[in-house]
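Visitor: Structure incoming, see below.
In the numbering used here, the protein residues as written are 75 to 336.
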């Protein structure tokens with residue numbers, strides 16, 4: 075995932091670089107739908123996000139059983155706590171707000187690109203329950219966020235708890251669901267790269283204006299096909315928005331999902 079995401083952001087993807095990757099990731103998908111670190115190991119939220127995101131960036135998510143993956147991911151949100159567990163029969167952990175919560179927007183886009191129906195108003199989970207867990211159970215009086223009550227706060231859990239919270243707040247169809255005060259609203263983060271969405275757009279504009287990376291054999295580097303398709307649909311949504319005045323940064327990523335399923 076790190077190699078694919080970085081190469082896609084820098085427009086360095088080549089056929090040689092990605093050769094065999096879809097087949098390897100597909101071999102790591104387990105019977106329950108999740109993805110493991112290697113064939114035969116246990117399904118894990120972090121590996122599932124990374125495997126799914128890598129293939130969706132490449133436009134190759136059809137190599138996975140997306141419906142079984144979706145079922146597995148949805149069942150990782152705990153009905154009492156509201157947060158996510160990273161593996162079956164494990165405790166809730168705030169970092170999986172992103173590693174599991176981030177799977178849902180990615181599989182939503184993967185299914186859309188495969189020509190399947192996706193719900194226009196939600197990502198199959200309860201965003202408010204997740205936010206209640208992060209805001210009420212994981213904030214430490216000393217600052218930062220923690221895994222769960224009783225654990226010390228740290229930068230890792232702070233980063234991924236906030237990233238997952240951001241994705242939960244900005245749903246499809248431009249819908250925003252923010253728990254508590256409106257100031258709890260976070261800037262939207264990109265579902266593929268977990269970088270602020272406005273920064274991703276700036277980077278895409280920058281690299282699009284540069285001469286393409288070319289290998290010694292003459293192969294040109296490129297962005298992932300799935301990312302390109304996603305942003306082409308975003309552009310279409312912006313151009314067709316009411317009044318033709320475009321869409322504000324806080325909504326541009328969300329408006330496309332319902333438009334793209336018609």
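For each residue, glycine too, the CB sits at the ideal point set by N, CA and C.
With a floor of 4 residues, list each alpha helix (DSSP H) that falls wholly inside the segment 251 to 304, ordered by position along the chain.
Guide: 271 to 282
Visitor: Indicate the three-state DSSP secondary structure (helix, strand or coil) for residue 166 in the structure shown.
Guide: strand
Visitor: Roughly how many angstroms lie between the CA atoms of residue 229 and residue 309, to the nearest whole one?
Guide: Pairing residue 229 with residue 309, the inter-Cα distance amounts to about 35 Å.
Visitor: Quick one: grab the DSSP three-state call for residue 134.
Guide: coil
Visitor: May I ask you to list the residues that DSSP assigns as paired with residue 151?
Guide: 158
Visitor: Helix or strand or just coil, what does DSSP make of residue 95?
Guide: helix
Visitor: Between the segment 140 to 152 and the segment 178 to 188, can you find at least three pairs of beta-carbon atoms closer than 8 Å?
Guide: Result yes; three or more Cβ-Cβ pairs closer than 8 Å.
Visitor: Could you check if residue 154 is buried or exposed, using at least 16 other CB atoms within 10 Å of its CB as the buried criterion?
Guide: In summary, residue 154 is exposed, with fewer than 16 beta-carbon neighbours lying within 10 Å of its beta-carbon over all protein chains present.
Visitor: According to DSSP, is residue 145 part of a helix, a strand, or is it coil?
Guide: helix
Visitor: Report, in whole angstroms, the separation of the C-beta atoms of residue 119 and residue 185, which I expect to be a contact under 8 Å.
Guide: The pair is not a contact, with the Cβ atoms about 19 Å apart (cut-off 8 Å).
Visitor: Could you give the C-beta distance for residue 245 and residue 204, rounded to a whole number, given that I count them as a contact under 8 Å?
Guide: Contact between residue 245 and residue 204 does not hold, since the beta-carbon distance rounds to 12 Å and is not under 8 Å.
Visitor: Going straight from the alpha carbon of residue 313 to that of residue 163, what length do you get?
Guide: 46 Å
Visitor: Which whole-angstrom value is the C-beta distance of residue 253 and residue 209, which I expect to be below 8 Å?
Guide: 6 Å
Visitor: Please check the pair residue 303 and residue 213, which I expect to be a contact at CB under 8 Å, by giving their CB distance rounded to whole angstroms.
Guide: Actually they do not touch by this definition, with Cβ atoms about 38 Å apart.
Visitor: Do residue 138 and residue 100 count as a contact pair if the criterion is CB distance below 8 Å?
Guide: Cβ distance < 8 Å, so residue 100 and residue 138 count as in contact.
Visitor: Between the segment 286 to 298 and the segment 79 to 95, do three or more beta carbon pairs fall short of 8 Å?
Guide: yes
Visitor: Using only the alpha-carbon positions, how far apart do residue 305 and residue 150 sit?
Guide: 29 Å
Visitor: Can you tell me which of 221, 297, 98 and 167 puts its alpha carbon nearest to the alpha carbon of residue 71?
Guide: The shown model of the chain, from 75 to 336, leaves out residue 71, and the question about it has no answer.
Visitor: Let me make sure I understand the geometry here. Which of 136, 116 and 231 has the alpha-carbon closest to that of residue 189?
Guide: That would be 136, whose Cα lies nearest to the Cα of residue 189.
Visitor: From the DSSP output, in three-state form, read off residue 216 for me.
Guide: coil
Visitor: Please report the residue range of the alpha helix (DSSP H) in which residue 208 lies.
Guide: From DSSP, residue 208 is part of no alpha helix (DSSP H); its letter is neither H nor E.
Visitor: With distances taken from CA atoms, which of 161, 110, 167 and 75 is nearest residue 234?
Guide: 167
Visitor: What is the DSSP secondary structure of residue 179, counted as helix, strand or coil?
Guide: helix
Visitor: Please classify residue 109: does DSSP put it in a helix, a strand, or coil?
Guide: In the three-state reduction of the DSSP assignment, residue 109 falls in the strand class.
Visitor: Determine the contact status of residue 266 and residue 127, defining contact as a CB-CB distance below 8 Å.
Guide: yes
Visitor: Where does residue 87 sit, in a helix, a strand or coil, going by DSSP?
Guide: strand
Visitor: Rounded to the nearest angstrom, how far is the Cβ of residue 109 from that of residue 130, given a contact under 8 Å?
Guide: Incorrect: roughly 12 Å between the Cβ atoms, too far for contact.
Visitor: Give every residue of the same chain whose Cβ lies closer than 7 Å to the Cβ of residue 91, excluding the five residues on either side of it in the sequence, and list them in chain order.
Guide: Cβ neighbours of residue 91 beyond the five flanking positions: 81.
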